[in-house]
Amino acid sequence: MNAARGRPPPVARALLSVSDKTGVVAFARGLRDAGVEILSTGGTARALREGGVEVRDVSSYTGYPEIMDGRVKTLHPRVHGGLLARRGEDDAVMAEHGIAGIDLLAVNLYPFERSVARGARLAEAVENVDIGGPAMVRAAAKNHRFVTVVTNPADYDEVLGLIRDHGGVGDIRRLELAAAAFSHTAAYDRAIASWFAGHRAAMPRTADAAPQKPDAATQTPDAALQVPDAVSQTPGTAPQVTGVASQTPDIAPQTAGTAPQTPGAAPQKPGTESQTPDAAPQAPGAAPQTPGAAPQTPGTASQTLKATPQTPDAAPQTPDAAPPPDLPQAWGGFPQAARLRYGENPHQIAALYSGGGGLAGAEQLQGKQLSFNNYLDADAAVRAVREFADRPACVIVKHANPCGAACADSLAEAWRRARQTDPQSAFGGIVAVNRALDANTARALAEQFVEVVVAPQVAPDALAVLAAKTALRVLAHGAMLGDDGGLDARAVAGGVLVQQADTRRVAAGDLKTVTRRKPDERETADLLFAWRVAKHVRSNAIVLAAEGRTSGIGAGQMSRVDSVRLAVDKAARAGRVLTGAAMASDAFFPFEDGIAAAHEAGVGAVIQPGGSVNDRKIIAAADERGMTMVFTGVRHFRH
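Residue numbering for the sequence shown follows numbering that gives the first Met the number 0, beginning at 0 and increasing consecutively.
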C-alpha cells in the first residue's frame, strides 16, 4: 500500500497498446466498468472497439496523428509526461502543458523473436523492432511509484481484481510488475542485439568491412537469420540464440560425410549445431519412412510413436559420401523402435529402443518426429512432474533442467505460474503436466513457442486448439507415469554404469529443524515443494520457491554459492520478490556464503541434507539471520 495515503494510487486512466491481444478486450472492459478512461493505438484500439469497449485514440489525446505507417504514434510529451509525472511534484508542469496522468500501462512488444524464428527477412525483422513500446514500458516501470505497468497478459486478471477491490495496485505488486517489465525489455533488446550481430557476421565482406576469418559463414543480407532466446557465443563465431531450432534450409550447415550444399549456399563449419531437423541427413540402412507411419524393425512389436517423413529439402546422400556406422537392431534387451533423425548433434546417428511402455511407448498425437534431445528433455520433465500427485502441476524443462515448476487449482494456471519463473528459458522448452490436457491449458500453451507437450491424456478439443501448431509435438503416455523403482544406466567409455533409480521421497514428518526458529505451515509447504523440484535439477542445484511455484533455479554450477547467486539472479530478472521464500539445496552447504547470499535476497527458510563438517557454522549463520533451516538426511545429486 502507498505509505503516504494508506492505499494504492488510484487508476483513472490507462493506455493499452499490445502486440499480443490475448485477453486484452476482457481486461479493457473490466477497466471501463471500474470507471477507467482508456487510451489506445492502432490495432489495439480497433480490437477494443470491435469488442464493444469505448476507447480514445492516442492521436486524439496528443493532438498529433500517427505518422510514417504507425512508426511514430506514442513518442510524444503528453504520453511520456503522463507516464513519468511525479504526482504532487510535477502537477504545475502537467497543468501548463495539458498533460494528464496515465496510471496504468499495458504494453507487450512487436513479435521480433517470433518473426525471425519463422524465417523473417531483413526488412521484416527490422520493422518488428519496437521503439515506442519499450520507451513507454521503461517510463512506466521507472515511475512505478505511481504507475502500474503490465507486460504479460497472464497478469490481467490479478491486476483487474486489485483495481476492483482496492482502487489500485499495491506498492509491492507494482514493484514486481516493474521488475518484470524491465526484464521483458532487456530480453527483447538482447534478442535484437544478437540478431543484428549475427546478421552482420553473416554478410559478405565489402571493401570497407573488416576482414573475416577464412572459415566465417557468409550469406546475403536478406537471408533469414534465427534469434534464440539466450545468447551463446564462442570467440570468432556469430552469436547464436538457444531455444530456436535452426536456420532456413538454404543455409543448413554441412556435417562430415553429407552431400554438398546447393550453389550459392553459405559455407558452414563442419559439425555446427544450426541445422534444421528436417534437413538432417538420412543414414544408410534406416527404415524407409512413410507419412504418419511409425518406423518398424523386423520382428518387433508395433510402436505408437510416429516418425516424420524426410522433406524434399533434406540433404541427399551422394554415392561417395562416407556412410555412418549402423546401429544394432536391439540394445540392452530392447528392440529398436525408431530411427531418429540424428543424435545430440546432426553428425551423430541415433535410434530409440523401447519395450513399449513409459515415455518411449507414448502415443505421439501430432507434430514432427521427436529428436534425441526431445526424448531426454521430455523424460526429465515427466520424472519431475510426477513428484506432484495431489494437485494439477506443470514442469517446463530446458536442456535437461527444470526452468519452471508450479502447482495450482488448474493446469492452465500451473502452466502460467511455471512459465513466470523464467520466461526466457521457457521459450522453446519441453512441457509436462500431470493431468489430462484440456482446451483452456492448450490455449494458454499456444501463446508460447514450445517444442513438446507431454500429458497423461489429451482431450479432443485441446488437440484441436493445438492443431494449428503443426510442428508442436504432443504426446499422451496413458496413466500418469509413476516411479518404477527400476535401474538407471549410463554409458561410460568401455562400459556401463548401473544404479538403482532415485525414488526417495521426503515428507513433513521426516524433516529435522536445526535452527532456533521452526518453519510455520506455509514455509514447510514451500520447503517440500522446492525439495521435490531440486531432486530433478543438475548439481549443484538450488531451487527458490514460494506459494507452490518456483521463483528461481540455479543448476549445474561448480560452486554451490554460484548456484545460489544464479537462482537469485533468475528470480530478479523475472520480477519475483524473494522475501520469505524457501530455498532447497540438493546437497549440504560447505560454507556460510550460500546462506548469506540467500538471506540478502530475502530467503527466510532453507532445506538441505546436512552432513557437512561445517554444519554447526551453517546453522549458526542461519540463526544469526533469523532464518529457519531443516535437514532431510537425504541427498539428491543429479549429474
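Where is the CB? At the ideal position from N, CA and C, for every residue including glycine. As the structure is a prediction and not an experimental result, all values here were calculated from the model.
Looking at the structure shown, is residue i part of a helix, part of a strand, or coil, going by DSSP?
i: residue 429; result: strand
i: residue 244; result: Confidence at residue 244 is low in this model, with a pLDDT of 35, below 50, so the placement of that residue should be treated as unreliable; the coordinate-derived value is given next. Correct three-state label for residue 244: coil.
i: residue 344; result: coil
i: residue 142; result: coil
i: residue 582; result: strand
i: residue 182; result: helix
i: residue 439; result: helix
i: residue 616; result: helix
i: residue 58; result: helix
i: residue 6; result: coil
i: residue 462; result: helix
i: residue 336; result: strand
i: residue 610; result: coil
i: residue 472; result: strand
i: residue 352; result: strand
i: residue 500; result: coil
i: residue 285; result: Unreliable positioning characterises residue 285 in this predicted model, as indicated by a pLDDT of 39, which lies under 50. The coordinate reading is nonetheless provided below. Coil.
i: residue 87; result: coil
i: residue 363; result: strand
i: residue 191; result: helix
i: residue 132; result: helix
i: residue 168; result: coil
i: residue 66; result: strand
i: residue 576; result: coil
i: residue 92; result: helix
i: residue 451; result: strand
i: residue 457; result: strand
i: residue 52; result: coil
Roughly how far, in whole angstroms, is the beta-carbon of residue i from the beta-carbon of residue j, given that I think they are within contact range, below 8 Å?
i: residue 147; j: residue 173; result: 5 Å
i: residue 440; j: residue 432; result: 7 Å
i: residue 473; j: residue 366; result: 6 Å
i: residue 371; j: residue 326; result: So it is not a contact: roughly 12 Å between Cβ atoms.
i: residue 161; j: residue 167; result: 7 Å
i: residue 358; j: residue 476; result: 6 Å
What are the boundary residues of the beta strand (DSSP E) that includes residue i?
i: residue 372; result: It is not in any beta strand (DSSP E) - residue 372 instead sits in the alpha helix (DSSP H) that spans 371 to 384.
i: residue 628; result: 627 to 630
i: residue 488; result: 486 to 491
i: residue 13; result: 12 to 17
i: residue 394; result: 392 to 397
Can you give me the start and stop residues for the alpha helix (DSSP H) that residue i sits inside?
i: residue 572; result: 559 to 572
i: residue 534; result: Careful: residue 534 lies outside any alpha helix (DSSP H) and carries neither H nor E.
i: residue 39; result: Where residue 39 is concerned, there is no enclosing alpha helix (DSSP H), although the beta strand (DSSP E) it sits in stretches over 36 to 39.
i: residue 80; result: 76 to 83
i: residue 591; result: No alpha helix (DSSP H) holds residue 591; DSSP gives it neither H nor E.
i: residue 358; result: Taken as a continuous stretch (DSSP letters only), residue 358 belongs to no alpha helix (DSSP H), as it is neither H nor E.
i: residue 510; result: Neither: residue 510 is in no alpha helix (DSSP H) and is coded neither H nor E.
i: residue 416; result: 410 to 420
i: residue 25; result: 23 to 32
i: residue 125; result: 121 to 126
Please classify residue i as buried or exposed, where buried requires at least 16 other C-beta atoms within 10 Å of its C-beta.
i: residue 232; result: Bear in mind that the predicted position of residue 232 carries a pLDDT of just 37, short of 50, making it too unreliable to give a figure here.
i: residue 419; result: buried
i: residue 81; result: buried
i: residue 423; result: buried
i: residue 609; result: buried
i: residue 582; result: buried
i: residue 414; result: buried
i: residue 164; result: exposed
i: residue 278; result: With a pLDDT of 38 at residue 278, under the threshold of 50, the modelled position of that residue is not reliable, and the figure given next carries that caveat. Per the 10 Å Cβ criterion, buried.
i: residue 54; result: buried
i: residue 328; result: exposed
i: residue 540; result: buried
i: residue 534; result: buried
i: residue 79; result: buried
i: residue 77; result: buried
i: residue 387; result: buried
i: residue 130; result: exposed
i: residue 496; result: exposed
i: residue 577; result: buried
i: residue 373; result: buried
i: residue 566; result: buried
i: residue 492; result: exposed
i: residue 486; result: exposed
DSSP beta-bridge partners for residue i?
i: residue 109; result: BP columns for residue 109 are empty, so no partner.
i: residue 548; result: 405, 545
i: residue 446; result: Beta-bridge pairing links residue 446 to no other residue.
i: residue 147; result: 103
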